[in-house]
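Heads up: the sequence shown begins at 1 in the UniProt record's numbering, then just goes up one per residue. We treat Cβ as the ideally placed atom computed from N, Cα and C, and that holds for glycine.
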Amino acid sequence: MLRQGSKVKNCVQLSLATVKSCSWKTRLCEIVLVFVWSIDSEEDLIVKPVSLGNVNIIRSLSEYRGNNIRTIEQAELAIIVSRAHFKALIDAHDQIGAIWLDRGSGIDEKPALPETEGNKDTAEGSTEENGDMPVETVKVVGLRKVPGQPLGLTVTTDEHGQLIVARILAGSAAAKQALVSVGDVLLEVDGVNINSEDQLKEAVAKPNDRITLKVGPNLKEKTAQLSNKLSCYMRALFDYDPKEDTLLPCKEIGLEFKRGDILQVSDRKDPNWWQASHVENPDTVGLIPSPELEERRKAYVAPEADFVHKISICGARISKKKKKFVYESRSSVQLEGAELALYEEVARTPPFLRRVLALVGTRGVGRRTIKNRMIQEHSDRFGAVVPHTSRPPRPMEENGQSYWFVSREEMERDAHAGRFLEYGEHNGHLYGTHLDSIRAVMKEGKMCILDCAPQSLKLLHNSGEFLPFVVMIAAPGIEQLRNLTYASNRNLTFDRQSSIRYSSRRARTLESLASLYEEEDMKQTLEESARIQRQNEKYIDLVITNNNIDTTYSKIMDALHSLSTDHQWVPVSWIY
1 MLRQGSKVKN CVQLSLATVK SCSWKTRLCE IVLVFVWSID SEEDLIVKPV SLGNVNIIRS
61 LSEYRGNNIR TIEQAELAII VSRAHFKALI DAHDQIGAIW LDRGSGIDEK PALPETEGNK
121 DTAEGSTEEN GDMPVETVKV VGLRKVPGQP LGLTVTTDEH GQLIVARILA GSAAAKQALV
181 SVGDVLLEVD GVNINSEDQL KEAVAKPNDR ITLKVGPNLK EKTAQLSNKL SCYMRALFDY
241 DPKEDTLLPC KEIGLEFKRG DILQVSDRKD PNWWQASHVE NPDTVGLIPS PELEERRKAY
301 VAPEADFVHK ISICGARISK KKKKFVYESR SSVQLEGAEL ALYEEVARTP PFLRRVLALV
361 GTRGVGRRTI KNRMIQEHSD RFGAVVPHTS RPPRPMEENG QSYWFVSREE MERDAHAGRF
421 LEYGEHNGHL YGTHLDSIRA VMKEGKMCIL DCAPQSLKLL HNSGEFLPFV VMIAAPGIEQ
481 LRNLTYASNR NLTFDRQSSI RYSSRRARTL ESLASLYEEE DMKQTLEESA RIQRQNEKYI
541 DLVITNNNID TTYSKIMDAL HSLSTDHQWV PVSWIY
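Here it is as structure tokens:
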């Protein structure tokens, strides 16, 4: 760690105030305090190493397993100190600091080598004196010239005034010797700097049988290539089978994956095909379609048009024809659900607790029952929001107990300002979930449980503030759904247990009609559940079919426990 100037002092004071306010007194926090205090203790402005044992500290941090990591900031810090680049930086700092201490000062007392023609233009890796080219990338090459024949190079000048090799003619002297590549920057010819195409022509036209070029790479192009080659991790949001891909030239080199798989993408320079591997098997690398290729391949089709099926009473699916529609403002949610999501960039984090648990699903699948049970049994861990409404309070209703009562104008103003997660109108009054209500539960140190509409998931997922864990409660089969309906005490048109159940033909007719309507409702529930899951798969972390309330409850609790013990793959937008 180095200290220099008043700006550093201000940063140190701010860092001290931030670190001292941390409530998590872990080994990680203590080490950060040691670093900051060591910086603050320096009173001079001489740049010098404070300590040389930082590699061991970083190593101990990388071995630290964060069961106590509870925030995304702590997880981010743990990721940074465990990266190889950061460890290499600290190692370089310690080595340079050791050299500085051995010499007794920061000045190299060894005399510099005299600059001669021998060491000025020697070979690859020599120092470039008139440019910003990295030392290790500059090279000197010698090309043999054939009398009466051109070298076979064409050049162009870029916006920075550099001479760039634009083309190498096949069969030419330059192509046969293969010492210069397209995109190389020409710096010198026979030891003379060149800044224009005319200078290059004059130098090449000299009657010599050999020409010496100093060349370097096009930094802009190399940077773009490097960024395309940088490894990243992607969560697949669709299934891919290379055996069924007609665009893949060789099926054997394709990489099969399923929705939800984590892929390590190692090369993205090809616009159509990326090189990737599964994180569980990094040695097996294959080709996957790039987003650009997949977007061109798939025309826009609304999810309902591509997948909608009618579900018969016996459970069989009856396909429907695809449908087209003209965009209308009320269809914006439908179009938003049809967004083509292919990959999502993710990062691996140490265990940490999420801030929001979002339960989604169709009506009647038990979301509210599960939410109430979790809050009743673990009131110290979970909390629920108090909704807002424009309805006037009824007798004995207190503000903030069941509802926050506000004016309609205030609710409409906050809704237009985007301060509501969701809102709607019922019986002439507005009801909604305010974002501040969610934050209030989070400030209490509890996980906020929401049984929200699927349209709210995008806001929660993209905010970077709420870090949701989304559980889809899927509807079971019709028979299980019927049992769940009875268990939830849903009333039918009349009492099935009444004494007049079989007393008249009219009673039996009414019961048959009620059963028919109930059967139709259950089929609609199954279709709605499938549609919700299909449209929001990119946001859903866990899908549970609610065949039994107790089993579903246990699965959710087990999943939440694993968040605090296992590493997680989360969107990079939550971290950076």
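Straight-line CA distance for residue i to residue j?
i	j	result
Leu186	Val155	9 Å
Gly148	Leu169	16 Å
Ser402	Cys232	46 Å
Asp198	Thr157	11 Å
His378	His93	48 Å
Gln497	Leu421	Confidence in Gln497 is poor, its pLDDT being 45 and thus under 50, which makes the residue's placement unreliable; the coordinate value appears in the next sentence. Roughly 43 Å between the two C-alpha positions.
Leu526	Lys538	20 Å
Lys145	Arg167	18 Å
Thr26	Asn372	Confidence at Thr26 is low in this model, with a pLDDT of 47, below 50, so the placement of that residue should be treated as unreliable; the coordinate-derived value is given next. So the two alpha carbons sit approximately 34 Å from each other.
Val279	Gln264	6 Å
Ala173	His160	28 Å
Lys201	Asp190	13 Å
His561	Ser554	11 Å
Asp121	Val138	Note that Asp121 scores a pLDDT of 42, beneath 50, so its modelled location is shaky and nothing firm can be said.
His309	Leu467	Low confidence applies here, because His309 scores a pLDDT of 46, under 50, leaving its location unreliable; read the following figure in that light. Going by the C-alpha atoms only, they are around 33 Å apart.
Gly418	Leu430	15 Å
Asn547	Ile473	10 Å
Glu412	Pro571	32 Å
Lys243	Ile288	12 Å
Ala559	Asp550	14 Å
Leu213	Gln535	59 Å
Asn195	Gln162	7 Å
Asp521	Gly361	15 Å
Ser41	Leu101	Note that Ser41 scores a pLDDT of 48, beneath 50, so its modelled location is shaky; the value from the coordinates is reported in the next line. Approximately 19 Å between the Cα atoms of the pair.
Cys452	Gly286	40 Å
Thr71	Trp574	11 Å
Met442	Ile556	19 Å
Lys323	Val356	The predicted model places Lys323 with a pLDDT of 44, which falls under 50 and marks its position as unreliable, so this point remains unresolved.
Pro282	Ser266	10 Å
Gly152	Glu292	36 Å
Which residues bound the beta strand (DSSP E) around residue i?
i	result
Leu542	Leu542 to Thr545
Ala276	Trp273 to His278
Arg167	Leu163 to Ile168
Pro147	Here Pro147 belongs to no beta strand (DSSP E), and DSSP marks it neither H nor E.
Arg296	Looking at the DSSP string, Arg296 is not in any beta strand (DSSP E); the run it does join, the alpha helix (DSSP H), is Pro291 to Arg297.
Ala463	Note on residue identity: the sequence assigns Ser, not Ala, to residue 463. Where Ser463 is concerned, there is no enclosing beta strand (DSSP E), although the alpha helix (DSSP H) it sits in stretches over Leu457 to Ser463.
Phe469	Pro468 to Ala474
Val346	Tyr343 to Thr349
Arg235	Cys232 to Ala236
Ser266	Ile262 to Asp267
Leu247	Neither: Leu247 is in no beta strand (DSSP E) and is coded neither H nor E.
Val572	That residue, Val572, is in no beta strand (DSSP E); it is neither H nor E in DSSP.
Val155	Leu153 to Thr157
On a Cα-Cα basis, can you pick out the residue from the options that is closest to residue i?
i	options	result
Leu179	Ala341, Ile211 and Gly191	Ile211
Arg296	Leu255, Leu342, Ile253 and Arg381	Leu342
Ala475	Leu430, Leu359 and Gln162	Leu359
Ile478	Leu450, Glu397, Lys523 and Pro393	Lys523
Lys298	Thr551, Ser390, Lys446 and Asp245	Asp245
Val294	Leu237, Val279, Asn281 and Lys251	Residue identity check: residue 294 is Glu in the sequence provided, not Val. If we check each option's Cα against that of Glu294, Leu237 comes out closest.
Thr284	Asp270, Gly428, Gly254 and Pro271	Gly254
Phe405	Asp380, Val572 and His434	His434
His426	Arg391, Ile288 and Lys176	Arg391
Ser181	Val141, Ile575 and Val192	Val141
Ile540	Gln480, Ile575, Tyr576 and Ser456	Ser456
Val543	Ile79, Lys251, Gly260 and Arg408	Gly260
Ser290	Asn281, Tyr240 and Cys250	Tyr240
Gln480	Val470, Tyr423, Gly424 and Thr545	Thr545
Gln376	Leu340, Val471 and Ile449	Ile449
Gly171	Asn399, Glu188, Pro150 and Val165	Pro150
Val50	Ala98, Thr71, Val204 and Ala440	Ala98
The alpha helix (DSSP H) that contains residue i, what's its start and end?
i	result
Thr433	Not the alpha helix (DSSP H): Thr433 falls in the beta strand (DSSP E), residues His429 to His434.
Ala75	Ile72 to Ser82
Leu353	Neither: Leu353 is in no alpha helix (DSSP H) and is coded neither H nor E.
Going residue by residue through the region 378-449, where are the continuous alpha helix (DSSP H) segments of at least 4 residues, counting only ones entirely within it? 408-416 and 435-443
List, from N- to C-terminal side, the beta strand (DSSP E) runs of 3 residues or more that fit wholly inside the region 175-213. 185-189
Which runs of the alpha helix (DSSP H), 4 residues or longer, sit entirely within the region 526-569? 549-563
Give a yes or no on contact between the region 267-277 and the region 385-396, applying the rule of three or more CB pairs nearer than 8 Å. no
Decide yes or no for the touch test of the region 367-381 against the region 73-88: beta carbon pairs closer than 8 Å, at least 3 of them. Too few Cβ pairs lie closer than 8 Å, so no.
Evaluate contact between the region 563-570 and the region 348-358, counting only Cβ atoms and requiring at least three cross-stretch pairs below 8 Å. yes
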